[in-house]
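Participant: Counted the way full-length UniProt numbering counts, the first sequence spans residues 1 to 927.
Even glycine gets a Cβ: it sits at the ideal position worked out from N, Cα and C.
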Amino acid sequence: MNPVEIEEAVSNLALEPFDRPEFPFQFLRAFGNKETALQRLRAGNTNQSDVGGVLQRGHIHIATCAPGAVDETLAALRTSPKTLSQKAKFILATDGEAFAAEDMNGGGTVACKYAEFPDHFGFFLPLAGITTVEQIRESSFDIKATGRLNKLYIELLKDNPDWARRPTDMNHFMARLIFCFFAEDTDIFLGDGLFSKTIQQMTANDHSITHLVMAEIFRAMDTKPAEREAQGIKRYANQFPYVNGQLFSGSTECPVFSKIARSYLLHIGSLDWQKINPDIFGSMIQAVTEEDERSALGMHYTSVPNILKVLNPLFLDDLRAKLAEAEDNPRKLLNLRQRMAKIRVFDPACGSGNFLVIAYKQMREIEAEINRRRGEPERRSDIPLTNFRGIELRSFPAEIARLALIIAEYQCDVLYRGQKEALAVFLPLSSENWITCGNALRLDWLSLCPPTGTGVKVQADDLFGTPLNQTEIDFENEGGETYICGNPPYLGSTWQDAEQKADLERIFGHRTKSWKSLDYVAGWFMKAADYGTQTSAAAAFVSTNSICQGQQVPILWPLIFATKHEIIFAHTSFKWNNLASHNAGVTVAIVAISNDRSVVRRLYSIGSEGETLAKEVQHINAYLVAGQNLDLQKSTSPLTHVTPMDRGDSAIDGGGLLLNATEAAELEAENKVAYRQFVRPYIGSEELINGKLRYCLWISDDQAALANDVRFIANRLSLVVSMRSSSSKAQTKEAAAWPHKFGEIRHQPSAYTILVPRVSSENRDFLPVGLVAGGTIVGDRNFALYDAPLWNMALIASRLHWVWIGTVCVRMRTDFSYSNTLGWNTFPVPTLTEQNKADLTRCAEDILLAREAHFPATIADLYDPEAMPEDLRAAHDRNDEVLERIYIGRRFRNDTERLEKLFELYTKMTASAAAAPKSTAKGRMKA
DNA sequence: CATCCGACACAAG
DNA sequence: CTTGTGTCGGATG
1 MNPVEIEEAV SNLALEPFDR PEFPFQFLRA FGNKETALQR LRAGNTNQSD VGGVLQRGHI
61 HIATCAPGAV DETLAALRTS PKTLSQKAKF ILATDGEAFA AEDMNGGGTV ACKYAEFPDH
121 FGFFLPLAGI TTVEQIRESS FDIKATGRLN KLYIELLKDN PDWARRPTDM NHFMARLIFC
181 FFAEDTDIFL GDGLFSKTIQ QMTANDHSIT HLVMAEIFRA MDTKPAEREA QGIKRYANQF
241 PYVNGQLFSG STECPVFSKI ARSYLLHIGS LDWQKINPDI FGSMIQAVTE EDERSALGMH
301 YTSVPNILKV LNPLFLDDLR AKLAEAEDNP RKLLNLRQRM AKIRVFDPAC GSGNFLVIAY
361 KQMREIEAEI NRRRGEPERR SDIPLTNFRG IELRSFPAEI ARLALIIAEY QCDVLYRGQK
421 EALAVFLPLS SENWITCGNA LRLDWLSLCP PTGTGVKVQA DDLFGTPLNQ TEIDFENEGG
481 ETYICGNPPY LGSTWQDAEQ KADLERIFGH RTKSWKSLDY VAGWFMKAAD YGTQTSAAAA
541 FVSTNSICQG QQVPILWPLI FATKHEIIFA HTSFKWNNLA SHNAGVTVAI VAISNDRSVV
601 RRLYSIGSEG ETLAKEVQHI NAYLVAGQNL DLQKSTSPLT HVTPMDRGDS AIDGGGLLLN
661 ATEAAELEAE NKVAYRQFVR PYIGSEELIN GKLRYCLWIS DDQAALANDV RFIANRLSLV
721 VSMRSSSSKA QTKEAAAWPH KFGEIRHQPS AYTILVPRVS SENRDFLPVG LVAGGTIVGD
781 RNFALYDAPL WNMALIASRL HWVWIGTVCV RMRTDFSYSN TLGWNTFPVP TLTEQNKADL
841 TRCAEDILLA REAHFPATIA DLYDPEAMPE DLRAAHDRND EVLERIYIGR RFRNDTERLE
901 KLFELYTKMT ASAAAAPKST AKGRMKA
């Protein structure tokens, strides 16, 4: 269940008469428990309560009681031994009048009237497996409103199929409604609930005219008081103020309301819209208009702390520092206020305006403190809302973003200046539109956010079609600073559609031919850098970490650096969680660029306790490592004298060629000869890491006919044929003609094979390199070194290599994704003497021996960082000792030092290769 | 054109 | 929720 569904279930429960014995089960049902789970609790099998209540292990201990006994019942739950031993997260007591609950992990308490407990449903969201963030817990309202609006939206679309075909109008209409609900609950409309009441009264006898009444009200809000009589505004609509803004200009047409839609509307109006929180309302409501997103309604939410990871280092930290520095000095405070009034914040992927709203609110907070210290607490804000600009592709979020900013402004005015002052300046809304609906990668940012103080009118080389009227609006920030921020969409190169590819081509096509491998988000960085060449600005984006790892680095970053921009701060990989706990958060990094060389560079990371660590550094390179830039290109062959590495063989067999132990035994029983002849051990990464056993059919061309006479094999091969022939891939289809062989073979006969899994957990301190006998078929989940000298294995097993791979290769989630071209072929190794090789070989053997001593422990067991055996760790330690002495004559102090040395060696290595191109493979061939 | 490589959604404890 | 898998699509030389 998503939060919206839960809210609805909980609210419905509170409306029913209180049923003392049933309540605990009803409550659990509302949070998504299945009937079977409830039945088991009822039967007592899983109910562990020792106070006559209902206790669900790991979740909640609930007790209902006679009227007036809530306090002692809650106390009994609190001290109940079972509450502790069954690890209940919550305790809850109610008598149908009062309601009390506690979060046993110190997350606070709820005490309210029974009828009001649905307002606290966010408190219990962990029960439904939804990770809560503080803001959510306090924002039951936003989820509730989202759910109600969603219902209305769907109902309206049902009754108005023509509106479904004009989503922009529909979205605009929804934004108008939200505004009216907010306005009628905050005295912006005179009279409490004016909008809802007017609609209700005027349509009480005839719901079919709802849309006409509403349209008349909207028309009034777009008509200045002086013109109203001439325009013939109806009396009931005349009570509404002139709002204007772009919100009510244009057509006032409204969709037709059915009886049900009308009742939904009135119900939504009865909610207390004062409580709306623009920080999160926008991201919640956004899903309403997106068909495929609706199942996750209320799940999309970017946490404020994460947004501040971008905004604080970008400029808010500095403002706060200046505030602290100014102390009570009125002159300094004034200067700071004047500076802030000229700061513009630009989010070219603004969605529903999250970043802009947070930035605005944070700045208002700082300004309020300035005004307090200067003794001007009621002073009107000097921070213009129009300095917070955005671009958004989808029309509904764009509408919501503007609305969210308007609401944020009003709420800040109420908070810092008082209701009266807030109302005095609220209407009419500014007619400017600072949120542009369009494709940020195609629009000209300089026109939307023109350079300061220059008066330059930039001709948009990439501005399509109709000129945007927004370009005429000037920022009120002559001589001010610009900060670009946001969380643009990430889309790996394989998932971009034709239009998105074209977006990237327009930006990168004339700069590099490798633009096709770039993530979509790279476009925002490049546009920001280009923007920065015309005017000084700093830009910080949340981004997939893949643009700072692996193959994208040498494509993107030299282009950014060429615009004189450098990375001024970065937050290394962390998980960008949304509300859904089952939805493994994307791993992201925050990267900020600026062409101002004077700023102090900072590198942020998440510490072991989840705290943010900051480090001041001289320079940050494109791998988000402290150190100089380097140009690391992937290479098809090793740059040093290590053995070339191949990927293993890819079955592409639809389950036909690979056999588990049972299937192999089956064949052996059916035909021993065939078994001996055609079955080989097979090793994928699961087999290597977790010590599993698998087999495969390995049949040479000349024996294909013979093998096909074996019934078991013939059956398996037919599986292969059917899978391959129905494939969408040409290469695979062709391979259906020879089902007895693996789909992609790179196999070389060998006496033994060293192998590394392509993907493996980052939690191990060393890469899980392995060694198998030559007859074993190495699957494509591994890279293989056939008959390579064993010192190659010593390299792979080293901490140096671990660090290199972790930085240079692309990762899958946060796990390692090994690459031969990017990681192995580029690995900087000093020239090894025969003695060095002998020493390293010995080290590799020692590692293998240490592993063997723990037979049958698997690599996963042995390399569990918590439980790594001492002798094995010692063997690795000696390996590192020997290898690192070869590098620098001593051990490295830490991984940063290792990386810095490796980068340095790489730079030298490639520089000398460029100086002496004759030594390349091609050069030798000619000679 | 024939490899070869990286991505990712899915699946299994 | 962590860790690994099967196969596609498209880059590369």
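Closest to residue 679 by CA distance: which of 688, 656, 691 and 686 is it?
Facilitator: Among 688, 656, 691 and 686, the Cα nearest to that of residue 679 belongs to 656.
Participant: Can you give me the start and stop residues for the beta strand (DSSP E) that residue 601 sits inside?
Facilitator: From DSSP, the beta strand (DSSP E) with residue 601 extends over 601–606.
Participant: Measure the beta-carbon distance from residue 282 to residue 404 and round it to whole angstroms, keeping in mind my assumption that it falls under 8 angstroms.
Facilitator: 5 angstroms between Cβ atoms; contact.
Participant: Quick check on DSSP: helix, strand or coil for residue 486?
Facilitator: In this structure, residue 486 counts as strand in the three-state DSSP scheme.
Participant: Name the DSSP beta bridge partners of residue 390, please?
Facilitator: The partner list for residue 390 (beta bridge, DSSP) reads 347 and 435.
Participant: Helix, strand or coil: how does DSSP classify residue 89 here?
Facilitator: Correct three-state label for residue 89: coil.
Participant: Relative to the alpha-carbon of residue 573, which residue among 546, 598 and 840 has its alpha-carbon at the smallest distance?
Facilitator: Of the listed residues, the one whose Cα sits closest to residue 573 is 546.
Participant: Find the nearest neighbour of residue 219 within the set 250, 210 and 191, judged by alpha-carbon distance.
Facilitator: Per the Cα distances, 250.
Participant: Checking the sheet assignment: what are the DSSP bridge partners for residue 697?
Facilitator: According to DSSP, residue 697 bridges with 679.
Participant: Write down the C-beta distance between residue 822 and residue 808 rounded to the nearest angstrom, noting that I regard them as a contact closer than 8 angstroms.
Facilitator: 6 angstroms between Cβ atoms; contact.
Participant: When DSSP labels each residue in this structure, what does residue 18 get in the three-state scheme?
Facilitator: Residue state, collapsed to three classes: coil.
Participant: Three-state secondary structure (DSSP) at residue 615?
Facilitator: Reduced to three states, the DSSP call for residue 615 is strand.
Participant: Pull up the DSSP beta-bridge partners for residue 102, would you.
Facilitator: Answer is 91 and 109.
Participant: Looking only at DSSP bridge pairs, what is residue 179 linked to?
Facilitator: Answer is none; residue 179 lacks a bridge partner.
Participant: Could you tell me if residue 147 is buried or exposed, where buried requires 16 or more neighbouring beta carbons within 10 angstroms of its beta carbon?
Facilitator: The residue in question, residue 147, is buried, as its Cβ has 16 or more Cβ neighbours within 10 Å.
Participant: In whole angstroms, give me the CA-to-CA distance for residue 834 and residue 772.
Facilitator: Answer to the nearest angstrom: the Cα atoms are 25 angstroms apart.
Participant: Report the partner residues of residue 231 according to the DSSP bridge assignment.
Facilitator: DSSP lists no partner for residue 231.
Participant: Taking all protein chains shown into account, do 16 or more other C-beta atoms lie within 10 angstroms of the C-beta of residue 21, making it buried, or fewer, making it exposed?
Facilitator: Result: exposed.
Participant: So residue 61 is in the beta strand (DSSP E); what residue range does that whole segment cover?
Facilitator: Residues 60–64.
Participant: Please report the straight-line C-alpha distance between residue 645 and residue 654, rounded to a whole angstrom.
Facilitator: For residue 645 and residue 654, the distance between alpha carbons rounds to 27 angstroms.
Participant: Please give me, in chain order, every unbroken run of the alpha helix (DSSP H) with length at least 4 that falls completely inside the segment 770–817.
Facilitator: Entirely contained in the segment 770–817, the alpha helix (DSSP H) runs reaching 4 residues are, in chain order, 791–796 and 799–808.
Participant: Can you tell me where the alpha helix (DSSP H) with residue 504 in it begins and where it stops?
Facilitator: Residue 504 -> alpha helix (DSSP H) spans 498–508.
Participant: Considering only C-alpha positions, which residue in the set 406, 384, 501 and 507 is nearest to residue 445?
Facilitator: The residue with the shortest Cα to Cα distance from residue 445 is 507.
Participant: Do you know how far the Cα of residue 171 is from the Cα of residue 253?
Facilitator: Answer to the nearest angstrom: the Cα atoms are 13 angstroms apart.
Participant: Please classify residue 571: is it buried, with 16 or more other beta-carbons within 10 angstroms of its beta-carbon, or exposed?
Facilitator: Looking at its Cβ environment, which holds 16 or more other Cβ atoms inside 10 Å, residue 571 is buried.
Participant: Inspect the beta-carbon positions of residue 859 and residue 768 and report whether they are closer than 8 angstroms.
Facilitator: Yes, they are a contact pair.
Participant: DSSP has residue 836 in a bridge; who is on the other side?
Facilitator: According to DSSP, which records beta bridges pairwise, residue 836 is partnered with nothing at all.
Participant: Note the first and the last residue of the continuous beta strand (DSSP E) segment covering residue 79.
Facilitator: Not the beta strand (DSSP E): residue 79 falls in the alpha helix (DSSP H), residues 70–79.
Participant: Taking the straight line between their C-alpha atoms, what separation do you get for residue 550 and residue 636?
Facilitator: Taking the straight line from one Cα to the other gives about 14 angstroms.
Participant: Counting Cβ pairs closer than 8 angstroms, one from the segment 197–212 and one from the segment 262–269, do we hit at least three?
Facilitator: Flag = yes, the segment 197–212 and the segment 262–269 touch.
Participant: Rounding to the nearest angstrom, what Cα-Cα distance links residue 411 and residue 358 in this structure?
Facilitator: So the alpha carbons of these two residues sit roughly 13 angstroms apart.
Participant: Who are the Cβ neighbours of residue 625 in its own chain at under 7 angstroms, not counting the five residues just before and after it?
Facilitator: Closer than 7 angstroms at the Cβ level, and outside the excluded window around residue 625, lie 807 and 899.
Participant: Kindly indicate which three-state DSSP category residue 409 falls into: helix, strand or coil?
Facilitator: Residue 409 falls in the helix class under three-state DSSP.
Participant: Where does residue 689 land, buried or exposed, given buried means 16+ other C-beta within 10 angstroms?
Facilitator: Buried is the call here.
Participant: Spatial neighbours of residue 748 within its chain, please: CB distance less than 7 angstroms, with the 5 preceding and 5 following residues excluded, ordered by chain position.
Facilitator: The answer, listed in chain order, is 786.
Participant: According to the Cβ coordinates, are residue 350 and residue 392 closer than 8 angstroms?
Facilitator: For residue 350 and residue 392, yes; Cβs fall inside 8 angstroms.
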